[in-house]
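This report concerns only the one structure given below.
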Amino acid sequence: MKITISDVARLAGVSTATVSHTINSTRYVSSDTKEKVYQAIAALGYTPDASARSFRTGKKRTIGFIVPDISNKFFGTIIESAENYLSAQGYHLIIANTKENMAREETNLRLLTAGLVDGLLVASTMDSFQRLDSLIPVNFPVVLVDRTFESRKYPSVTVSCFDAIYRSVCRLADRGKRRVGIIGGLSRLSTTQERIAAYRAAVADRGLEQDESLVRYGDSMEDSAPPCLDQLLERGCDAILVCQGLMASVTIAYLRGKGIQPHQDLEVVSFVDYDTRAYEFYYNQVDRIIQPVEELGRTAGEQILLRVEQPDAPVQERVLTSEYRPRGEGGA
């Protein structure tokens, strides 16, 4: 049964006109009343039909950004870069944090698409495109950031790390390493899937040991790195590739705490996906895969404004590339 604006009004204890004014920002509504309306929208799962509203006029000049972890400086840098661009164009940015939780993302999607913003940037943690797509109103401007799906319905801005990871594993093989382990993020994410695929391709092409126990998955949070690292060390890894900047920086510190020196005792390939000047001391000890994070944020800002201004523009997939930099070669 389809949820209607009348259902929202009834639950919120207000008129349908008040719900409409809240969603469309067409008249002043007190903050307390707005809160009641948005809570009712979230509780009922109400999704307004965006095609019934015009995104060419009456804009709120506000963009939403749904991110999985605002404490991660990778996403913090993307946010800052996107906001710098949007601010220069006269737009504001609203941030919603999902903490890699699909239910939280679902709630935020419903709230932000209920008239709060003109368009939405989404670094999704969803396990399926269908779940994400079902929550986005018809014709609502959306750009996927960093993470994407097999379906190409929405524009996206991503970074390919396939070549950089492939080259890094090949270089480890050239150094005589045979048991190369890898720590990825959540297995459901497109970023993790590409990185693991690149690793497996290089391992197979260079004739390294193809042991699935050397493939570990964290959750992109810093606390998940040490258990994965311990498991790989127990399995006799002579090299480890850490496919996420936050987990990589924790890995370097954790190794030193265990008296293990990168390069001397264990070869390490570290992702660098935010400003890591605090770790410059270690740069000559590890290989690095450097992501163009600021460019990713700026390009995301450009793409969402294009969708807001030109909703019928062709869907674009912007793919940036990461850089592989062996240890000892330049700064970050």
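What the sequence shown shows, in the working numbering, is residues 1 to 332, in sequence order. The beta carbon of each residue, even a glycine, is placed where N, CA and C say it ideally should be.
Supposed contact pair residue j and residue i - C-beta distance, whole angstroms, cut 8 Å
i, j, result
"Leu214", "Gly181", "4 Å"
"Arg325", "Arg288", "5 Å"
"Asp127", "Arg188", "5 Å"
"Lys99", "Asp69", "6 Å"
"Ala12", "Ala40", "4 Å"
"Val142", "Gly119", "7 Å"
"Gln285", "Asp273", "With a Cβ gap of about 18 Å, Gln285 and Asp273 do not count as contacting."
"Pro42", "Leu111", "It is worth fixing the name first, because residue 42 is Ala in this sequence and not Pro. Confirmed, about 6 Å."
"Glu295", "Leu255", "No, Glu295 and Leu255 are not in contact; Cβ-Cβ is about 30 Å, not under 8 Å."
"Asp230", "Gly185", "About 18 Å; that fails the 8 Å criterion."
"Ile5", "Ser20", "7 Å"
"Glu302", "Tyr85", "7 Å"
"Ile23", "Gly64", "At roughly 14 Å, the Cβ-Cβ gap does not stay under 8 Å, so Ile23 and Gly64 are not in contact."
"Leu109", "Leu135", "4 Å"
"Thr113", "Phe140", "6 Å"
"Ser322", "Ala173", "Incorrect: roughly 20 Å between the Cβ atoms, too far for contact."
"Leu121", "Ile304", "5 Å"
Delimiting residues of the beta strand (DSSP E) encompassing residue i
i, result
"Asn108", "From DSSP, Asn108 is part of no beta strand (DSSP E) but of the alpha helix (DSSP H) over 102-112."
"Phe271", "267-272"
"Ser168", "Unbroken run through Ser168 is the alpha helix (DSSP H), 162-174; no beta strand (DSSP E)."
"Ala313", "Unbroken run through Ala313: none, as it is neither H nor E."
"Ala123", "Careful: Ala123 lies outside any beta strand (DSSP E) and carries neither H nor E."
"Leu320", "317-321"
"Arg288", "287-290"
"Leu116", "Premise fails: Leu116 is in no beta strand (DSSP E) and is neither H nor E."
"Val145", "142-145"
"Ile95", "92-97"
Per-residue burial, residue i [other beta carbons within 10 Å of its own, 16 or more giving buried]
i, result
"Arg152", "exposed"
"Pro333", "It is not possible to answer for residue 333, since the shown part of the chain is limited to 1 through 332."
"Lys36", "buried"
"Gln89", "exposed"
"Ser81", "buried"
"Arg175", "exposed"
"Pro262", "buried"
"Pro155", "buried"
"Arg195", "buried"
"Gln130", "exposed"
"Gly331", "Residue placement at Gly331 is flagged as unreliable, the pLDDT there being 49, under the threshold of 50; a coordinate-derived value is accordingly withheld."
"Ser224", "buried"
"Ser124", "buried"
"Arg235", "exposed"
"Leu67", "The residue asked about is misnamed: residue 67 is Val in this sequence, not Leu. The residue in question, Val67, is buried, as its Cβ has 16 or more Cβ neighbours within 10 Å."
"Glu105", "buried"
"Pro239", "Checking the displayed sequence, the identity of residue 239 turns out to be Ala instead of Pro. Ala239 comes out buried."
"Asn374", "Any question about residue 374 goes unanswered here, given that the chain covers just 1 to 332."
"Arg216", "buried"
"Tyr335", "Coverage of the chain is limited to positions 1 through 332, which leaves residue 335 absent and any answer about it impossible."
"Thr26", "exposed"
"Ala103", "exposed"
"Arg307", "buried"
"Gly207", "exposed"
"Val8", "buried"
"Ala96", "buried"
"Val315", "exposed"
"Ser31", "exposed"
"Tyr28", "exposed"
"Asp312", "exposed"
"Ala197", "exposed"
"Ser71", "exposed"
"Ser87", "exposed"
Run of the alpha helix (DSSP H) containing residue i, from where it starts to where it stops
i, result
"Asp7", "5-12"
"Arg131", "129-133"
Q. Where are the beta strand (DSSP E) runs, 3 residues long or more, that stay fully inside the segment 17-86, in chain order?
A. 62-67
Q: Please confirm if the segment 262-273 is in contact with the segment 239-254, defined as three or more CB-CB distances below 8 Å between the two stretches.
A: yes
Q: Taking only runs that begin and end inside the segment 174-254, name each unbroken alpha helix (DSSP H) of 4 or more residues, in chain order.
A: 190-205, 225-234
(Q) Check whether the segment 164-175 and the segment 197-204 are in contact - that is, three or more C-beta pairs closer than 8 Å. (A) yes
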